[in-house]
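One structure is given here, and the rest of the page talks about it.
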Amino acid sequence: MTLLSSAPGGASVARKTPSAPAAPPRRKQGGVILAVPALVWYLVFMVGPLVAIFVIAALHWPGMLQPVSFAGLQNVRTVLDDPVFMDAVTNTAVQLVVALPLMIVGAYMLGYYVAQQPPGHRVLRYLLFIPGLISTPAKAMVFYAVLSPDGLFNGVLDKVGLGSLADAWLASPSTALACLIVLDVWSGIGFTAVLFAARLGSVPDEIGEAAQLDGAGHWRAMWRIHFPVIRDFVGVVTMLQFLWTLFGSAQNVLLLTQGGPGSSSTTLSFLVYQKAFIAADLGYSQTVGVFLFLVGLAGLLTIRRVFRQNY
Amino acid sequence: MKFGRSWLPAHVLAWLYAALLVVPLYYLLVSAFKTNDQIFGSPFALPTSLSAHNFTEAFSSADLGSAVVNSVLVTALALALTLGLAIPAAFAIARTEGRLGAFVERVFSLGFLVPTFAALFPTFLLAAATGLFHTRAFMVLFLPATAMPLSVVILVQFMRTIPREMEEAARIDGASTFGVLRHVYTPMCMPGIATILLLNFLTFWNEYLYSLVIIGPDPEQRTVQVALPTLKSLTGTDYGILTAGTVLTLVPVWAVYTVLQKRMQQALVSGAVKM
């Protein structure tokens, strides 16, 4: 996929510039200036702030209106010594390790199922896509209504006689993080499955038929035959979900648990938010931001390597 | 028989998951017409009356009316700006041969790796520095920048497929570079433009964290997504009102999705593939 050529430092697969040898190089270059506004926009609003993260990370800046001084690597030491940071690292690791495989494997199997066009697959496709439409606050409000102490889930437990198991799911240290993971998986599988189904739909039918003639069961056909064909696409989708989970978790945490109780559901990206806008420790916040950025980069490169097309 | 007995677990699991998606939404919808007592007492029962009380209450207590207007305003203007920036840029990149065009395209596609969220605080500083803090204007300017990488890359791919003879013919008729862009390239990559409009409509309408931090909680300025969670705390959580508000914010997206279902799925798939 295009990814192979768009990610940095890649094995630079030859770019698809239209450089057919016979093409006459007569095209005017005059239009380049038209790209300038978009470039300026992009540099000012995206690259600029990104660079600023690294600068602020080296500052001692205890609040918006406080004096700023250079701190060098002092923030790094503060962050590494902070038990809350370590909790956030653990929580984020747990979140990624649990949510990502569940989501990708589940979505791939579901996508494969839908792509076989079983009865009702159109309705199913329509339904599966719903989480992709709903905004984060709306999803969080749905979850809040379901999981709050007097919400739907406890109500159901009560109805079936398991009322003693009822809990304040979002406010209990042992389940708060799990709730966030469930939310990720719940909303992630459907949307991702639609992506996989669409991609599997463009795999030539002959491949599946040939497998059936060879007597391969569906399980084998799914993992041994179709999976290798769309392996790079699975990689791209895994990268997307990785980034969304890593960076996007701040919103769910903010809306549902505020990182608590204690720091039991504080993730790295929420820590960036919390230190910047609630605790007003800006150097600390952006140091975590740098860390998060590096984790994101390392994760992307790893995923890309794992899913590299190998046939 | 293609779907034999061995498929039974697959059918069950797939529809079970679908039920997990639908049940909370059903709950959301029926609760919007109930009082707290009814919601706790019989969560799944159909509402006894279709009174709009919760909706009007949600509307007034979270000022959803002006929030919807703000959201529409921000989304529409940001979409227009996105097109205004991305179309000329893609045009320039698609027509420029050699290193320069490839380099500019590479710069944009690197943007996929920029996690916009990580830069929340510096962006907040930028808003403060430009004097646009607590305004919708900053979001209108800012959102298109986040959409640039995907929009430019998708459009470039469309524009590369336009045969150069089309341009040469227009040139012979005396068209300027701008004329070529306007009368040849733009009409010919309408499917691409529709794709980025749909993708960015979803992102812009659903944007939460930046709107929260930059536009802030002022009821005159805030967007729907920022107004919605305030129902949770404001009312000591009257679930009827909370769910009614949630339903209201979902309506525009839902309407667009139901009408343009095929197209929207294609758009999202191509968005993911282009990454």
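The listed protein sequences correspond, in order, to chains F and S. As numbered in full-length UniProt numbering, residues 1 to 311 make up the first sequence, in order. As numbered in full-length UniProt numbering, residues 1 to 275 make up the second sequence, in order. Note that CB positions come from ideal geometry on N, CA and C, so glycine has one too.
Query: CB of residue 263 of chain F within 8 Å of CB of residue 93 of chain F, strictly; Result: no
Query: Any C-beta of chain S under 8 Å from that of residue 222 of chain F; Result: no
Query: Buried or exposed by the 16-neighbour rule on C-beta atoms within 10 Å, applied to residue 262 of chain S; Result: exposed
Query: Beta-carbon proximity list for residue 283 of chain F, same chain, < 7 Å, skipping 5 on both sides; Result: 56, 57, 59, 60, 61, 71, 75
Query: Whole-number beta carbon distance between residue 253 of chain S and residue 202 of chain S, since they are thought to touch under 8 Å; Result: 7 Å
Query: Extent of the continuous alpha helix (DSSP H) run through residue 201 of chain S; Result: 190-206
Query: Contact between the segment 219-231 of chain S and the segment 59-75 of chain S (3+ Cβ pairs under 8 Å); Result: yes
Query: Proximity winner among F:234, F:301, F:271, F:229, relative to residue 90 of chain F (alpha-carbon distances); Result: F:271
Query: Against chain F: residues of the segment 17-37 of chain S by CB proximity under 8 Å; Result: 17, 18, 20, 21, 22, 24, 25, 27, 28, 31
Query: Top-ranked residue by Cα proximity to residue 176 of chain F, from F:115, F:241, F:249; Result: F:249
Query: DSSP three-state assignment for residue 69 of chain F, whether helix, strand or coil; Result: strand
Query: Minimum Cβ-Cβ distance from residue 38 of chain F to chain S less than 8 Å; Result: yes
Query: One or two residues paired with residue 315 of chain F in a DSSP bridge; Result: One cannot answer for residue 315 of chain F here, as it falls past the ends of chain F, which runs 1 to 311.
Query: Chain-ordered neighbours of residue 194 of chain S on chain F, where CB pairs are closer than 8 Å; Result: What residue 194 of chain S touches in chain F: nothing, since even the nearest Cβ is about 17 Å away.
Query: Chain S within 8 Å of residue 301 of chain F, Cβ atoms only; Result: no
Query: Extent of the continuous alpha helix (DSSP H) run through residue 108 of chain F; Result: 83-115
Query: The segment 163-174 of chain F touching the segment 140-150 of chain F, judged by at least three CB pairs closer than 8 Å; Result: yes
Query: Residue 206 of chain S at chain F interface by Cβ criterion, 8 Å; Result: yes
Query: For residue 131 of chain S, the nearest candidate out of S:221, S:214, S:160 (CA to CA); Result: S:214
Query: For residue 170 of chain F, the first and last residue of its enclosing alpha helix (DSSP H); Result: Element bounds for residue 170 of chain F: n/a, residue is neither H nor E.
Query: Whether residue 251 of chain F touches residue 103 of chain F by CB criterion (8 Å); Result: no
Query: Buried/exposed call for residue 95 of chain F, threshold 16 Cβ in 10 Å; Result: buried
Query: 7 Å CB neighbourhood of residue 104 of chain S in its chain, flanking five on each side removed; Result: 93
Query: Cα-Cα separation between residue 107 of chain S and residue 85 of chain F, rounded to whole angstroms; Result: 33 Å
Query: Closer than 8 Å to chain F by CB, residue 146 of chain S; Result: yes
Query: Rounded separation between residue 164 of chain S and residue 264 of chain S - CA only; Result: 30 Å
Query: Residue 24 of chain S - containing alpha helix (DSSP H), residue span; Result: 8-31
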